[in-house]
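Comments concern the structure below.
There are 4 protein chains.
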Amino acid sequence: MAGNTFGTILRLMTFGESHGEALGGVIDGCPPGIELDFDAIQKEMQRRKPGQSAIVTQRKEEDEVQFLSGIFEGKTTGTPIGFVIPNTNQKSDDYSDIKDTYRPSHADYVYEKKYGIRDYRGGGRSSARETASRVVAGAIAKQIIPDIKINAFVSSVGEIFIDKPYQDLDFSLIESNPVRCPDLASAAKMEDYIRQIRKEGDTVGGMVTCVIQNVPIGLGEPVFDKLHAELGKAMLSINAVKGFEYGSGFCGAKMKGSEHNDLYNPDGTTQTNLSGGIQGGISNGMDIYFRVAFKPVATLIQKQNVLDNQGNIIEQQGKGRHDPCVVPRAVPIVEAMAALVLADFYLLLNSVKK
Amino acid sequence: MAGNTFGTILRLMTFGESHGEALGGVIDGCPPGIELDFDAIQKEMQRRKPGQSAIVTQRKEEDEVQFLSGIFEGKTTGTPIGFVIPNTNQKSDDYSDIKDTYRPSHADYVYEKKYGIRDYRGGGRSSARETASRVVAGAIAKQIIPDIKINAFVSSVGEIFIDKPYQDLDFSLIESNPVRCPDLASAAKMEDYIRQIRKEGDTVGGMVTCVIQNVPIGLGEPVFDKLHAELGKAMLSINAVKGFEYGSGFCGAKMKGSEHNDLYNPDGTTQTNLSGGIQGGISNGMDIYFRVAFKPVATLIQKQNVLDNQGNIIEQQGKGRHDPCVVPRAVPIVEAMAALVLADFYLLLNSVKK
Amino acid sequence: MAGNTFGTILRLMTFGESHGEALGGVIDGCPPGIELDFDAIQKEMQRRKPGQSAIVTQRKEEDEVQFLSGIFEGKTTGTPIGFVIPNTNQKSDDYSDIKDTYRPSHADYVYEKKYGIRDYRGGGRSSARETASRVVAGAIAKQIIPDIKINAFVSSVGEIFIDKPYQDLDFSLIESNPVRCPDLASAAKMEDYIRQIRKEGDTVGGMVTCVIQNVPIGLGEPVFDKLHAELGKAMLSINAVKGFEYGSGFCGAKMKGSEHNDLYNPDGTTQTNLSGGIQGGISNGMDIYFRVAFKPVATLIQKQNVLDNQGNIIEQQGKGRHDPCVVPRAVPIVEAMAALVLADFYLLLNSVKK
Amino acid sequence: MAGNTFGTILRLMTFGESHGEALGGVIDGCPPGIELDFDAIQKEMQRRKPGQSAIVTQRKEEDEVQFLSGIFEGKTTGTPIGFVIPNTNQKSDDYSDIKDTYRPSHADYVYEKKYGIRDYRGGGRSSARETASRVVAGAIAKQIIPDIKINAFVSSVGEIFIDKPYQDLDFSLIESNPVRCPDLASAAKMEDYIRQIRKEGDTVGGMVTCVIQNVPIGLGEPVFDKLHAELGKAMLSINAVKGFEYGSGFCGAKMKGSEHNDLYNPDGTTQTNLSGGIQGGISNGMDIYFRVAFKPVATLIQKQNVLDNQGNIIEQQGKGRHDPCVVPRAVPIVEAMAALVLADFYLLLNSVKK
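Residue numbers (the numbering used here), protein chains in the order written: chain A, 1 to 354; chain B, 355 to 708; chain C, 709 to 1062; chain D, 1063 to 1416.
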């Protein structure tokens, strides 16, 4: 496998299977002299952690990150930051029955076909547990660009959508409810719906919206590495993501140019922002906003037909402790990946300044 | 500017402004011994070319590609393929009036802020003319993976959508009409609508769907470089793209797991394909399909308020020869970028085989 | 700091300071299904380890590597291999007196100027302890290319040189003596000399020769990434290295073409091998051999003038447990870096095969 | 073939065979707003050009570089700089007799074995003509870092060496003689020797020394991408190079630490400079100097045994217009590659500054 590296100047390489010894990674290119806020890092880990509320998986994972290098007397030194998150709650026997079967819409089958071998315990490398390393790195990335404000939140669960523009939302309410939806009326409906879905042993998809404010002009590179292209890749690399749109997004495809163009104010800001804060792949200083679609989790607590490695279709009862809806826990992951993209472009922008 | 390179094993670096001497690029990592079909390459160039029908821009660009290296006696040698597409129809005076102004929803303003200088003639590097180099490289990439079938087509223009699944479409009809829509009834409506939009001096957005068939199992890397993440980045790097979704896409976010899971057949194929041919970031052998949203072209043949570099808002009459709707010409670009992603992963897959 | 990644297909990213919690790294791109020989890995670690003989530093470091991922039931899975080498014998107080001073010919001064901060304990990231991670990765790389034989040995210490061509040496004697010199007469002289140098509190430089046999034809890329260019970079990246030459090396610069050309045998082998097994940057199947020059270790157990951070020159008594001569312990590091280069090109070669 | 890209922030990708249409490349990451001195670029091309004096090859190549993008009104715009150097003096028939034979110590044999096909005309991609693209990019790199002074010169031809330290040389004399040796007495001897060698139809090796002055502190990355490791790779990637040493180099391997350490002055400069301006992989502000060994050119104007593709050894009379000694023309190439390395690290250094 390749592809475990993310970023150019700020570069993250991660490792780890859900039921191995540990997850972790190395962050290279972090500027020196940053006084790290470790509580902020751990807080992000708590947001991603299983078992944090009644509507997420009840697995208990401590998710305590241990930093092994790159930090001296509380400050980054500019050397690579190695970190490890031990796997303390591996129940491998939970998974022994899937050793010889391929669960629908999981990566089991393709891993085995591609590599000829797979660590079947809990999905191995394809487990969403892999994102814990991203959250660590993203929490550090946020501290590289402290002036840029990144807020993600749940904007839909199943058919329940927030029907307000983000400007009408109070981001301070995001953490006030287990769904991480700043519209409290919607949040309550979503929570009820997730509880019901869980009772059915089913799962449901949803959407995360991310708003990035106070962005300097000039982030992003204009051709292949456009700012929104890297954001899109970052989001699509998160488990269960099926789509990405920014600014006007798919709605923009229905519009006329005379409706869609963002007219300028004399100070260079724009009167509307259908562009989503990015023009020609480069940030223009307006708010960046995008939406990420997550499919329903594939693991059901129901009977389901699965394929075994002998080519038989057999019925299997799903079990274990899984998320009925992934989006509440996806919020910090979306923010982490956005922070990695922005911090990388921020450092790259410095490199071209004379 | 960085970010003019695409790919890992098969690597493309491009250059060129719309009104400079030439566009071009270098393709590194192309396997040796491929007998290139130059007509096929030129045919792709014709599909992207302006002036090909009444509903696209009437600029005349010859778009003849000249290969400078990497090919000997008609075959690739394994050395880098340098190519140039001369700019033969530059009408720089068309653009002199935009020298000091920033057009709404164009990259003019951010280029000037980021670089302190810009080649204002025709958008310079931010012009969609840049995609000509991508089409050359994509046409070669297709010949690296001849067994994989890539078909893109226009699936919506404004509010006019094809309302059939792709399985019910006849891809051989894509090139039968100037819209590149294989559903002929929709194609006729779309064409009419684009003609009307052009008369108004306005533009309209649309959507391109791409279907990739006969894909080997195992393409894609499971964490950051998932197959759909690279496809997403590739598409989002195309001018005017606002969104990307694959498989169930944004609709998948509304579904339950029990509806969304693709159950296996004994041979490893799946009964449904909401996964879009990719599981855990790796191709599973089923059809890959995705949709790309294009915003309306920002250049209008109407009066519009623009910002000048003195901070004044002034009225400007748009002129020139622009596309009223970008999607018909975007079809070969979408295919080219898809081919580059697939060929790169195909070569990378070889590298891990024992 | 950037630059902690090595390799393209087989990619290593390392972290760790000499007196932090741990060293370690991540190996990405290792092919799946390799049954790892862990004893062989640990044996390489023993060869690099301090305290292994009377002529190397008497620091005690356990150097036990812990693998955290990428291995399942003893085999590589194709996922990234994370590993950690805990620092168990940190005596930070040994180093407290160098907190405010810059030792001659060390990296202290440039780290502080570049980063504005440094982990002064034992050299931090600039310590040769960093190479432990390279040895782990190199030991795995050797197992990716088991047919290629890599033998490095000490060919000079100070003015004492082996005066035989490598073909007359018995590589099985390399590990028979603490100097790692397969010419036993030279080995004895070198050992005596190193003992004497150590008594003087001084250090001495030396040279490592590396011979790579049974190399397939075709490794290396012909322009910037020539096989010998990557080997050269790999060697020059090892602490204390001042020079690299391969094949005829610097002597070749004195020769005539009529003396230097390697005439072919009918089977494609060559009668002589001044080319050093590489032509045009690509392996030709003959033995690859190169020499690496190591300067004397900068830390002396003598009084020496140092600079302090107030701009004063003060006398300081060197102390601690340092190597009087680095080359015996450099032998496994040279082999490790060579293995990483070869395995990477080996995997890349596969990628261009049709 | 891969490996036609050099650099990270400032990135060059080149293409071109000696007897194809053209050579060229793309330079990405050049900062905007640099008023390019085109005469300086062309002057570097003249220094590399064949036919410039009686002691180099008498091939006539115009080597006129055409810039196709990235420059507007004489200034860099920050977009990629595409350039082409047409091949105007291809005498393909000169080479037809080597179509089926592999010349000793050339890349003919390995190219054919690796790629299964080769452009045999004049060495194709393995020809030193490839370096013309490097010289173009290097000349631009010099203009990115105008304060850093890079001077390379011939320090030996065959057994004739300059026996003075570089501090005693007057670099303004380098271009005063066709050998490019600033020690005029040595230059005269070298020139005579090369004339004699040419009469014999033979060739001879030599050495280029490069001195880099006025270097800011902090260039280079401390682990794998050490400044001298990248310089070494850059030099070893030039055709015919067999060795690289910097600072004390191979002599340093014979020395004691008490002789080798560079003691500090109160201002942070050092009293001696055996380190060669680099400590721990990072520039320390002192002069950087290194030596590069070039083997004798393999093409002789003599009869020589060659291998044909049927496995026969046959006698062949060398012909054509070749350099009897490569080092005079290698001087600008060494400078170009050094400039590319330094400019890249210079831009990267900016990226980590807060």
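Glycine included, each C-beta is placed from N, C-alpha and C at the ideal position.
Leaving out five residues before and five after P1004/C in sequence, what residues of the same chain have Cβ atoms less than 7 Å from its Cβ?
T911, V912 and G913
Is any beta-carbon of chain B found at less than 9 Å from that of T57/A?
no
Within 9 Å (strictly less), CB to CB, does T299/A reach chain D?
no
With a threshold of 9 Å between beta-carbons, can T787/C be considered close to chain B, or not?
yes
Spell out a yes or no on whether the segment 936 to 946 of chain C and the segment 1286 to 1293 of chain D are touching, meaning 3 or more CB-CB pairs, one atom from each, closer than 8 Å.
yes
Could you give the C-beta distance for A1169/D and G988/C, rounded to a whole number, given that I count them as a contact under 8 Å?
2 Å
Best match in M994/C, G984/C and F1002/C for proximity to K950/C [C-alpha to C-alpha]
F1002/C
At least 3 beta-carbon pairs within less than 8 Å: the segment 1048 to 1059 of chain C vs the segment 1101 to 1121 of chain D
no
Where L1246/D falls, given that 16 or more other Cβ within 10 Å makes a residue buried:
exposed
Which residues DSSP lists as bridging C1387/D, in chain order
V1266/D
What three-state label does DSSP hand K1416/D in the structure shown?
Confidence is the limiting factor: at K1416/D the pLDDT is only 46, short of 50, which leaves the residue's position unreliable and the question unanswerable from this model.
DSSP beta-bridge partners for G732/C?
F723/C and V792/C
For K1062/C, would you say it is in contact with chain B, using Cβ-to-Cβ distances shorter than 9 Å as the test?
The predicted model places K1062/C with a pLDDT of 47, which falls under 50 and marks its position as unreliable; any figure quoted below should be read in that light. So, interface residue.
Which runs of the alpha helix (DSSP H), 4 residues or longer, sit entirely within the segment 870 to 916 of chain C?
892 to 907
Assigned exposure category for N859/C - 16 Cβ within 10 Å defines buried
buried
In chain order, what residues of the same chain have a beta carbon less than 6 Å from the beta carbon of G786/C, not counting five sequence neighbours either side?
P740
Could one say the Cβ of S945/C lies closer than 9 Å to chain A's Cβ atoms, at least one of them?
no
Contact belief for K1111/D with D1125/D at Cβ below 8 Å, rounded distance in angstroms:
5 Å
Sorted by chain position, which residues of the same chain lie with C-beta nearer than 6 Å to A690/B's C-beta, five sequence neighbours on each side aside?
R488, V489 and G492
What span of residues does the beta strand (DSSP E) with A1214/D cover, start to end?
K1211 to V1219
Less than 9 Å between the beta carbons of I288/A and V208/A, yes or no?
no
Counting contacts by CB-CB distance shorter than 9 Å, is A836/C in contact with chain A?
no
CB contact check: M753/C to chain A, cutoff 9 Å:
no
Can you grab the Cα-Cα spacing for the pair D1134/D / A1405/D, in whole Å?
Residue 1134/D is actually Phe in this sequence, not Asp. If you take the alpha carbons of F1134/D and A1405/D, they lie about 21 Å apart.
List the residues of chain C that I363/B touches, going by C-beta distances under 7 Å, in chain order.
S1059
Quick check on I41/A: does DSSP put it in helix, strand or coil?
helix
Compare the beta carbon distance of L776/C and V84/A with 9 Å and say whether it is the shorter of the two.
yes
For S459/B and G285/A, what's the separation of their Cα atoms in angstroms?
13 Å
Ordered list of alpha helix (DSSP H) runs contained in the segment 957 to 1027 of chain C, each at least 4 residues
957 to 960 and 965 to 968
Is G711/C buried or exposed, if buried means 16 or more other CB atoms sit within 10 Å of its CB?
buried
6 Å Cβ shell around E1307/D - same chain, five flanking residues per side excluded
R1353
I667/B burial status per 10 Å Cβ neighbour count (16 or more: buried):
exposed
Report back the beta-carbon spacing between E838/C and L731/C to the nearest angstrom; my notes put them in contact at under 8 Å.
7 Å
Less than 9 Å between the beta carbons of P80/A and I27/A, yes or no?
yes
Work out the CA separation of I499/B and D522/B for me, nearest whole Å.
25 Å
For the beta strand (DSSP E) that V1303/D lies in, which residues bound it at each end?
V1303 to Y1308
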